[in-house]
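In my numbering, the protein residues as written are 601 to 693.
All C-beta atoms in this analysis are idealised placements derived from N, C-alpha and C, irrespective of residue type, glycine included.
Okay, so here's the structure we're looking at.
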Amino acid sequence: MVASTEDVGMEAVCSMGLMFSEGDLYKQLSHFVRQLDLEAAVHRMATTEEKEAEILERCAPWRLQLKQGLQAAEKICNSSAYKWVRLDSFFSM
């Protein structure tokens, strides 16, 4: 249901503004890419190959969700070679 001016009154003011720059958004998404990359994280954590296999086995229930999140964040980050996220096309992906 969409609110009309009668519902909220004429005194309601909405001040929409830019909270993050496009560069800051790119940095945040790059941070998410690093956090969601399960194989790279396990490789950094594990001391031996056996330990790496054990950690990957324990993370199996979340593997698909992490991979989907990683792919979504990488798609947005890889859309610009200038390390900026184009906000005008952000939601059209």
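Is residue i near the ligand ZN, with its Cβ less than 8 Å from a heavy atom?
i      : result
Trp684 : Looking for the ligand ZN in the displayed structure turns up nothing, as the structure carries no ligands at all.
Please identify the residue among the options whose C-alpha is closest to the C-alpha of residue i.
i      : options                           : result
Ala660 : Ser680, Val642, Ser621 and Ser679 : Val642
So, residue i versus residue j, is the Cβ gap smaller than 9 Å?
i      : j      : result
Leu618 : Cys677 : no
Lys697 : Tyr626 : It is not possible to answer for residue 697, since the shown part of the chain is limited to 601 through 693.
Glu639 : Val685 : no
Around the Cβ of residue i, are there at least 16 other Cβ atoms within 10 angstroms (buried) or fewer (exposed)?
i      : result
Ala653 : exposed
Ala673 : buried
- Three or more beta-carbon pairs under 8 Å between the segment 654-669 and the segment 630-638, yes or no? yes
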